[in-house]
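Asker: Protein chains in written order, with this note's numbering: chain A, 1 to 224; chain B, 225 to 448.
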DNA sequence: TCAATTAATTTTGTATACATTTTCAAATTG
DNA sequence: CAATTTGAAAATGTATACAAAATTAATTGA
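1) For residue 309 (chain B) versus residue 445 (chain B), is the C-beta distance shorter than 7 Å?
2) How should residue 271 (chain B) be labelled, buried or exposed, when 16 other C-beta atoms within 10 angstroms of its C-beta is the threshold for buried?
3) For residue 32 (chain A), which residues of its own chain have a beta-carbon under 8 Å away from its beta-carbon, when the five flanking residues on both sides are left out?
4) Are residue 97 (chain A) and residue 198 (chain A) touching if we call contact CB-CB under 7 Å?
5) Whose Cβ in chain B lies nearer than 7 Å to the Cβ of residue 48 (chain A)?
6) Is it buried or exposed, residue 450 (chain B), if we count other Cβ atoms within 10 angstroms and call 16 or more buried?
7) Could you name the residues of chain B that residue 87 (chain A) contacts, counting a contact when the two beta carbons are closer than 9 Å?
8) Taking only beta-carbon atoms, is residue 279 (chain B) less than 7 Å away from chain A?
9) Expressed to the nearest angstrom, what Euclidean distance is found between the alpha-carbon atoms of residue 135 (chain A) and residue 125 (chain A)?
10) Can a CB atom of chain B be found closer than 7 Å to the CB of residue 58 (chain A)?
11) Using a cut-off of 9 Å between C-beta atoms, extract the partners of residue 159 (chain A) located in chain B.
12) In the DSSP assignment, the alpha helix (DSSP H) including residue 134 (chain A) goes from what residue to what residue?
13) Run through DSSP, which three-state label would residue 68 (chain A) get?
14) For the region 129–142 of chain A, which residues have a CB atom closer than 8 Å to at least one CB atom of chain B, in sequence order?
15) So with Cβ pairs under 7 Å, would you call residue 314 (chain B) a contact of chain A?
16) So, helix, strand or coil for residue 195 (chain A), using DSSP?
17) Do you know how far the Cα of residue 238 (chain B) is from the Cα of residue 253 (chain B)?
18) Does DSSP put residue 248 (chain B) in a helix, in a strand, or in coil?
19) Within 10 angstroms of the Cβ of residue 214 (chain A), are there 16 or more other Cβ atoms? Answer buried if so, exposed if not.
20) If you run the structure through DSSP and keep just helix, strand and coil, what is residue 340 (chain B)?
21) What's the gap between the Cα of residue 101 (chain A) and the Cα of residue 34 (chain A)?
22) Between residue 60 (chain A) and residue 68 (chain A), which are expected to be in contact by the criterion C-beta below 8 Å, what is the C-beta distance as a whole number of angstroms?
23) Rounded to a whole number of angstroms, what is the C-alpha to C-alpha distance between residue 147 (chain A) and residue 406 (chain B)?
24) Who are the near neighbours of residue 411 (chain B) in its chain, counting only those whose CB is closer than 7 Å to its CB and skipping five residues on each side?
25) Around the C-beta of residue 76 (chain A), are 16 or more other C-beta atoms found within 10 angstroms, so that it is buried, or is it exposed?
26) Given residue 214 (chain B), which residues of its chain have a CB within under 6 Å of its CB, disregarding the five upstream and five downstream residues?
27) Please tell me whether residue 143 (chain A) and residue 189 (chain A) are closer than 7 Å, where the distance is taken between their beta carbons.
28) Indicate the three-state DSSP secondary structure (helix, strand or coil) for residue 14 (chain A) in the structure shown.
29) Classify residue 58 (chain A) as helix, strand or coil using the three-state DSSP reduction.
30) In chain order, which alpha helix (DSSP H) runs of at least 4 residues are fully inside the region 80–109 of chain A?
31) Output yes or no for whether 7 Å exceeds the beta carbon distance between residue 426 (chain B) and residue 316 (chain B).
32) Should residue 279 (chain B) and residue 195 (chain A) be called a contact, given that it needs their Cβ atoms to be closer than 7 Å?
33) Going along the chain, which residues of its own chain have a beta-carbon closer than 6 Å to the beta-carbon of residue 208 (chain A), five neighbours each way excluded?
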């Protein structure tokens, strides 16, 4: 069932969140009239949202038969990390080849400093730490994506980011040691970008994503 | 201006073709009422088409300001081939790791045989040869994409395929020798897939796409 | 004459009625 | 009793009217 509370978000964001959070399990038929009644809007914005989410790969669509939340098998989760690694590696390569502008460098340094701050000060793992690290992580990766100045690439990477969240209904449970390793990897990638070492940046980024992949798969195995 | 002749195609296909063929140059505002009048349908299917093409990355969109055909700079064409190489290389890797089923093997062999047939028999380059080769090319790559059994990957690759066509309003002018080289590369990739040599298949596919990239860039430089 | 404001036009956002297709169940027939 | 057919219900596809926002032009003021 879909909450009607948050009307501030667009219908598309609302439905996407419901799918990615697991509120709408795979196989759920998303019917236009039903959704329009539940969300209190007409069928028109509902249709727009369904088309958008279908294009993003979250829904299956068949003409005259409507939209269904599609399956997200674990095997595809693994593949998604492989794809993400290849794309983000390429983004790191592009960024290293073209160089960082000052504002990008500052943004990355701030996210790194913020991550280092909390990882050196706190000795216990809790939701607060995970939250901060999650934000700095996103900031780091997003900046490199934007820095590569390639709309196509960033668009694709956004797509490949959505899949892992589906199966990760619980946030991946990293240990503090693991988080520190991931942070060190971020720092090494940043150094490669500064040194304009394209191949090194590519390789480091791919390995970094592979490490996250292992943690995600392990977390998934443990929770089942 | 948009031809109203081909009504068999959907509105989305019609508009996509108009954009990719250059009939609607970058910067063109696509207005709903205008398009609905020109194509003889209501605004509803027009809106669906515009949303779909925007999600596919062909149109820029701003709320309350509509859709505009976006720019496709040459630099992005080059990047698109890099992305395509990374993704198709990954697809080749997946396919090699998981193996080809008989039907896939047959499809690939047929496309290879058809390509070999025309490339060995004909000694002159014309539109007929280019057309046949174009089809067999698409068949080869599509089969590997499908064989990798990854919807996410095939979806992304379809996206990265669209960009090159935009700047290539004229089909890339390959020579017969070049086409034969590309065909040989296809055959080597196929052998690597059969041998389950994942890394080799990946590398060969990336190099193959890189070769096509060089030809595309050269063709673009020559026509300007 | 130039700038700012306001009004009119244009364009997109939304709602809703109608058309077409599909689906499911009941009824009919062998 | 099983299989097919048929019809009603429900779902998506389309068209159109109305609302809200943005753009453009005109007008007013200095």
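Where a beta carbon is used, it is the ideal one built from N, C-alpha and C, also for glycine.
Answerer: Let me spell this out:
1) Position 85 of the second chain holds residue 309 (chain B). Position 221 of the second chain holds residue 445 (chain B). It is not a contact, given that the beta carbons lie outside the stated cut-off.
2) Taking the second chain and counting its residues from 1, one reaches residue 271 (chain B) at position 47. The C-beta of residue 271 (chain B) has 16 or more other C-beta atoms within 10 Å across all chains shown, which makes the residue buried.
3) Mapped onto the first chain, residue 32 (chain A) falls at position 32. Apart from the 5 residues on each side of it in sequence, residue 32 (chain A) sits with its Cβ closer than 8 Å to the Cβ of 43, 46, 47, 50, 66 in its chain, given in chain order.
4) If you number the first chain from 1, residue 97 (chain A) lands on position 97. If you number the first chain from 1, residue 198 (chain A) lands on position 198. Taking a C-beta distance under 7 Å as the contact criterion, residue 97 (chain A) and residue 198 (chain A) qualify as a contact pair.
5) Along the first chain, one-based indexing puts residue 48 (chain A) at 48. Here the neighbours are 275.
6) The requested residue 450 (chain B) is not part of the displayed model; chain B covers only 225 to 448.
7) Translated into positions along the first chain, residue 87 (chain A) becomes position 87. Using a Cβ-Cβ cut-off of 9 Å, residue 87 (chain A) is close to 307, 310, 311, 380 of chain B, given in chain order.
8) Translated into the one-based positions of the second chain, residue 279 (chain B) becomes position 55. It does: the Cβ of residue 279 (chain B) has a partner Cβ on chain A nearer than 7 Å.
9) Position 135 of the first chain holds residue 135 (chain A). Position 125 of the first chain holds residue 125 (chain A). Separation of residue 135 (chain A) and residue 125 (chain A) (C-alpha to C-alpha, rounded to the nearest whole angstrom) is 16 Å.
10) For the purposes of this step, residue 58 (chain A) is taken as residue 58 along the first chain, with counting starting at 1. The C-beta of residue 58 (chain A) comes no closer than 7 Å to any C-beta of chain B.
11) Numbered from its first residue, the first chain carries residue 159 (chain A) at position 159. The contacting residues are 376, 379, 380, 383.
12) Within the first chain, the letter at position 134 stands for residue 134 (chain A). Boundaries of the alpha helix (DSSP H) harbouring residue 134 (chain A): 127–147, taken from the DSSP string.
13) Translated into the one-based positions of the first chain, residue 68 (chain A) becomes position 68. DSSP places residue 68 (chain A) within a strand segment (E or B) once states are collapsed to three.
14) From the region 129–142 of chain A, no residue has a Cβ closer than 8 Å to chain B.
15) The sequence position of residue 314 (chain B) within the second chain is 90, counting from 1. Closer than 7 Å: yes.
16) Position 195 of the first chain holds residue 195 (chain A). Coil.
17) Numbered from 1 along the second chain, position 29 holds the residue referred to as residue 253 (chain B). Numbered from 1 along the second chain, position 14 holds the residue referred to as residue 238 (chain B). The straight-line gap from Cα to Cα measures roughly 16 Å.
18) The residue given as residue 248 (chain B) occupies position 24 in the second chain. Residue 248 (chain B) falls in the coil class under three-state DSSP.
19) Within the first chain, numbered from 1, the residue matching residue 214 (chain A) stands at position 214. So residue 214 (chain A) ends up on the exposed side.
20) Position 116 of the second chain, counting from 1, holds the residue named residue 340 (chain B). DSSP places residue 340 (chain B) in the helix class (H, G or I) of the three-state scheme.
21) If you number the first chain from 1, residue 101 (chain A) lands on position 101. If you number the first chain from 1, residue 34 (chain A) lands on position 34. About 49 Å.
22) Start at 1 with the first residue of the first chain, and residue 60 (chain A) comes out as number 60. Start at 1 with the first residue of the first chain, and residue 68 (chain A) comes out as number 68. Residue 60 (chain A) to residue 68 (chain A), Cβ: 5 Å. Contact.
23) As a working mapping, residue 147 (chain A) is identified with position 147 in the first chain. As a working mapping, residue 406 (chain B) is identified with position 182 in the second chain. Each residue's alpha carbon lies about 33 Å from the other.
24) As a working mapping, residue 411 (chain B) is identified with position 187 in the second chain. Correct list, in chain order: 336.
25) Here the question's residue 76 (chain A) lines up with position 76 in the first chain. With 16 or more other Cβ atoms from the protein chains shown falling within 10 Å of its own Cβ, residue 76 (chain A) counts as buried.
26) Since the first residue shown for chain B is 225 and the last is 448, residue 214 (chain B) is missing from the structure and cannot be characterised.
27) Start at 1 with the first residue of the first chain, and residue 143 (chain A) comes out as number 143. Start at 1 with the first residue of the first chain, and residue 189 (chain A) comes out as number 189. For residue 143 (chain A) and residue 189 (chain A), no; Cβs fall outside 7 Å.
28) Against the first chain, residue 14 (chain A) aligns to sequence position 14. In the structure shown, the three-state DSSP call for residue 14 (chain A) is helix.
29) As a working mapping, residue 58 (chain A) is identified with position 58 in the first chain. Three-state DSSP puts residue 58 (chain A) in coil, outside helix and strand.
30) DSSP runs (the alpha helix (DSSP H)) wholly in the region 80–109 of chain A: none.
31) Counted from its first residue, the second chain places residue 426 (chain B) at position 202. Counted from its first residue, the second chain places residue 316 (chain B) at position 92. Yes, they are a contact pair.
32) The sequence position of residue 279 (chain B) within the second chain is 55, counting from 1. The sequence position of residue 195 (chain A) within the first chain is 195, counting from 1. The criterion of a C-beta distance shorter than 7 Å is not satisfied by residue 279 (chain B) and residue 195 (chain A).
33) Here residue 208 (chain A) refers to the residue found at position 208 when the first chain is read from its first residue. Once the five neighbours on either side are set aside, the close Cβ partners of residue 208 (chain A) are 185.
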